[in-house]
Amino acid sequence: MKPIIWSKYKLELLDQRLLPVTIEYVKCSNYKDVADAIKSMVVRGAPAIGIAAAFGVVLGALEFIDEDKIEFEKKMQSVFESLASTRPTAVNLFWAISKMKDTLFDCLNLNKDEIIASLEKKAIEILDEDLMLNKKIGEFGASLLPEKCSVLTHCNAGALATAGWGTALGVIRSAKEMGKDIKVFADETRPLLQGARLTAFELMQDGIDVTLISDNMAGYVMKLGLIDAVIVGADRIAANGDTANKIGTYSLSVLAKEHKVPFYIAAPYSTFDLQIKSGDEIPIEERNHDEVRKLFNIEIAPKDVKVFNPSFDVTPNENITAIITDKGVIKPPFIENIKIMR
Ligand SMILES: CSC[C@@H](O)[C@@H](O)C(=O)COP(=O)(O)O
């Protein structure tokens, strides 16, 4: 099941808000539809929102290509801004938009058809490259896992969050493909339940042994000795290795440290933000408070209760055993080794 389908200048996004109950695609015929889909989390996961935004740029260009050159450039600027204003934490979004901006800049002197063709080519390249990067992450990560092991993961860093295969779940898929005996514990991941709805669904579809737990069970499961490794994805990795990922990841890293369980981050190069020195500089998205007050639109708390709903947290580098990337496995000291690897 592909999360992103591009065909004949139309973008179709698998509506991840409805999974696993309903399988439905949302059709995006202009850049505003794409921005709305990213904001409302029809499409989610760091690499997937970057890819969707790249196709959003193509749709924006198609909409404005017939304007005169100055007007076209002005309108494209608002396309970039609108797509960039959707979600602040995952750097893959800004990485992909910046690739599309560079491509547009390089082809502005070409004719209209050539401009559209260049932008479309770049967006398809970003999509195809992500799948290839995930396969590499999978291979590097799988070699870290013992022949028989049980992995805990959080949120969804799988095929649904990427062009396919996944980062954290890519490591699990590759390990399985290598013949390793892998069991997975998936945190349900409140408030939006990406672990329960997406990770459990994805792994079951692939016949991978998965056990769902609620987030507050992770410590007990580790204490029972049921977890050999934690593997999660990332939304942004600072130059010192501090990593933003779905809210709850930080707590897991603390639990893993306490129980001496290795804690791995799996992410492609597009998730690194070497402009920022540490995780303190990563913008953390705060989402609608009803995500916490309600579950599937049903009130589960007093209507007006105060809520804090940060969508991500930052795991400090000292809690991370290694970062699995498409170029290899980065171990501490992260400041030096990230520089060398990148
Ligand atoms: C390969 S996806 C990595 C991360 O983007 C993922 O773990 C995550 O935090 C997704 O958050 P989401 O809010 O569902 O977009």
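Position one of the sequence shown corresponds to residue 2 (this note's numbering), numbered consecutively onward.
Glycine is no exception: its CB is placed at the ideal position from the N, C-alpha and C atoms.
A residue is called buried when at least 16 other Cβ atoms come within 10 angstroms of its Cβ; residue 42 meets this threshold and is buried. Per DSSP, residue 25 is not a residue of any beta strand (DSSP E), being assigned neither H nor E. The alpha-carbon separation between residue 111 and residue 97 amounts to approximately 22 Å. Proximity of the region 176 to 183 to the region 270 to 283 falls short of the contact definition, fewer than three beta-carbon pairs being nearer than 8 Å. Between residue 165 and residue 132, the CB-CB gap stays under 8 Å.
Counting along the chain, residue 182 sits inside the beta strand (DSSP E) bounded by residues 182 to 188. Using a Cβ distance threshold of 8 Å, residue 29 and residue 19 do not count as a contacting pair.
The Cβ atoms of residue 308 and residue 293 lie closer than 8 Å to each other. Taking C-beta atoms under 8 Å as the contact rule, residue 265 and residue 222 fail to qualify, at a distance of about 17 Å. Nearest to residue 193 by alpha-carbon distance, out of 186, 169, 172 and 155, is 155.
Contact between the region 75 to 85 and the region 141 to 149 is absent: fewer than 3 CB-CB pairs across the two stretches fall below 8 Å. Residue 211 is bridged by DSSP to 185.
Closest in C-alpha terms to residue 47, from the list 244, 202, 333 and 260, comes 244. Within the same chain, and ignoring the five residues on either side of residue 324 in sequence, the residues whose Cβ sits closer than 6 Å to its Cβ are 266 and 331. Under the rule that a run must span 4 or more residues, the alpha helix (DSSP H) segments found entirely inside the region 242 to 305 read 250 to 259 and 291 to 294. Residue pairing by DSSP leaves residue 140 without any beta bridge partner.
Cβ atoms of residue 55 and residue 2 stay farther apart than 8 Å, at about 20 Å. Note that the C-beta distance between residue 50 and residue 94 is below 8 Å. Taking 8 Å as the cut-off, the Cβ atoms of residue 270 and residue 229 do not count as close. With a minimum length of 4 residues, the unbroken runs of alpha helix (DSSP H) contained wholly in the region 11 to 82 fall at 32 to 40 and 47 to 65. Here residue 164 carries a coil assignment [DSSP, helix/strand/coil].
Per the DSSP secondary-structure output, residue 150 pairs in a beta bridge with 183.
Note: residue 7 is bridge-paired with 12 in the DSSP secondary-structure output. Residue state for residue 314 is assigned as strand, using DSSP reduced to three classes.
Residue 237 sits away from residue 118, with the two beta carbons spaced by 8 Å or more. Relative to ligand 1, the beta carbon of residue 158 is positioned inside 7 Å of a heavy atom. By the neighbour-count definition (other C-beta atoms within 10 Å, threshold 16), residue 312 is a buried residue. Residue 335 is not a Cβ neighbour of residue 234, given a cutoff of 8 Å. For residue 158, the secondary structure class from DSSP, reduced to helix, strand or coil, is coil. By the neighbour-count criterion, in which 16 or more other beta carbons inside 10 Å mark a residue as buried, residue 32 falls on the buried side.
When 114, 226, 208 and 246 are compared, the shortest CA-CA separation from residue 168 is found for 246.
Taking a 10 Å sphere around the C-beta of residue 206, we find fewer than 16 other C-beta atoms and assign the residue as exposed. DSSP places residue 98 in the helix class (H, G or I) of the three-state scheme.
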